[in-house]
Amino acid sequence: MGYRDYIDAQKKYIETKKEARRKSERTKPYGDPPPQEPSRWWLVGIFALILLPLFFSYFTAPLPVQAEKDTLTLAIVSSEPEFVQLKNWLEGEITANNLLWNIAHYNAWQELEYQLRFGPLPDLLLIDRSLAERYYQEGSLAPLRERQGPPNFSDFFFSLWPSRPFQKTMGLAIPSRGRVEQARHLCTIIEYFAPAFRP
Numbered sequence: 003m004g005y006r007d008y009i010d011a012q013k014k015y016i017e018t019k020k021e022a023r024r025k026s027e028r029t030k031p032y033g034d035p036p037p038q039e040p041s042r043w044w045l046v047g048i049f050a051l052i053l054l055p056l057f058f059s060y061f062t063a064p065l066p067v068q069a070e071k072d073t074l075t076l077a078i079v080s081s082e083p084e085f086v087q088l089k090n091w092l093e094g095e096i097t098a099n100n101l102l103w104n105i106a107h108y109n110a111w112q113e114l115e116y117q118l119r120f121g122p123l124p125d126l127l128l129i130d131r132s133l134a135e136r137y138y139q140e141g142s143l144a145p146l147r148e149r150q151g152p153p154n155f156s157d158f159f160f161s162l163w164p165s166r167p168f169q170k171t172m173g174l175a176i177p178s179r180g181r182v183e184q185a186r187h188l189c190t191i192i193e194y195f196a197p198a199f200r201p
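For the sequence shown, the numbering used here begins at 3 and goes up steadily by one.
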């Protein structure tokens with residue numbers, strides 16, 4: 003083999019090497035393809051699905067009733083016949099003074115306890131003296147009027163009639179979390195201007 007044959011063989015060898023490298027580069031994968039960005043329309047669709055229920059709920063929600071917000075609640079814990087007597091007596095004073103009070107009836111103190119804990123909260127209570135004493139000891143009553151000096155039970159409970167043996171004494175008390183000023187106003191009207199209640 004001569005020098006020229008050797009050079010030709012080397013050229014052929016280099017050419018075959020280059021061609022093999024090109025073929026392997028063509029068939030060889032370049033790794034994972036770059037991740038595609040999500041289409042903008044997909045993002046717009048997801049955003050619309052999130053916001054549409056909020057948009058429709060805003061326009062389809064019922065409007066709040068104005069009278070409910072202005073109406074105060076007087077809760078009476080008594081038997082049915084006592085409730086009828088008390089309600090008839092109270093309604094006259096409430097309508098005579100153009101007040102907005104709703105009178106609610108509870109047969110037992112447990113029902114009132116439930117209302118006081120879970121709402122809606124009554125603004126004024128007409129309850130038995132023993133129940134008022136318990137609420138007074140728990141600290142859940144507001145005074146009937148502003149006073150100077152140390153408080154006592156008579157500042158938190160207004161009896162509708164004098165106490166008698168073997169007869170329950172009912173009166174007014176204000177829950178401390180209720181609308182105290184409006185309840186004090188009704189207590190003042192009942193105390194000073196209403197005719198005496200006869201059980």
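We treat Cβ as the ideally placed atom computed from N, Cα and C, and that holds for glycine.
A77 CB to nearest heavy atom of the ligand FAD below 6 Å
This structure lacks the ligand FAD, and indeed carries no ligand of any kind.
For P145, tell me which candidate among Q38, I9 and L174 has the shortest Cα-Cα distance.
Within the sequence shown, the letter at position 143 stands for residue 145. Measuring from the Cα of P145, the nearest candidate turns out to be L174.
Residues of its chain near A176, where Cβ-Cβ distance is below 8 Å and the 5 sequence neighbours each way are ignored
Residue numbering aside, residue 176 sits at position 174 when the sequence shown is read from its first letter. Checking the sequence shown, residue 176 turns out to be Ile, not Ala. These residues qualify, in order along the chain: D125, L126, L127, L143, A144, P145, L146, F158, V182, A185, R186 and C189.
Exposed or buried, V79, counting other C-beta atoms within 10 Å across all chains shown (16 or more means buried)?
By 1-based counting over the sequence shown, the position of residue 79 is 77. So V79 counts as buried.
Where G4 falls, given that 16 or more other Cβ within 10 Å makes a residue buried:
To locate residue 4, count along the sequence shown from 1; it is residue 2. Within a 10 Å sphere around the beta-carbon of G4 sit fewer than 16 other beta-carbons, which makes this residue exposed.
Under the three-state DSSP convention, the category L45 falls into
Numbered from 1 along the sequence shown, position 43 holds the residue referred to as residue 45. Three-state result, L45: helix.
Assign G141 to buried or exposed, taking buried as 16 or more other Cβ atoms, counted over all protein chains shown, within 10 Å of its Cβ.
On the sequence shown, position 139 is the one that residue 141 refers to. Taking a 10 Å sphere around the C-beta of G141, we find fewer than 16 other C-beta atoms and assign the residue as exposed.
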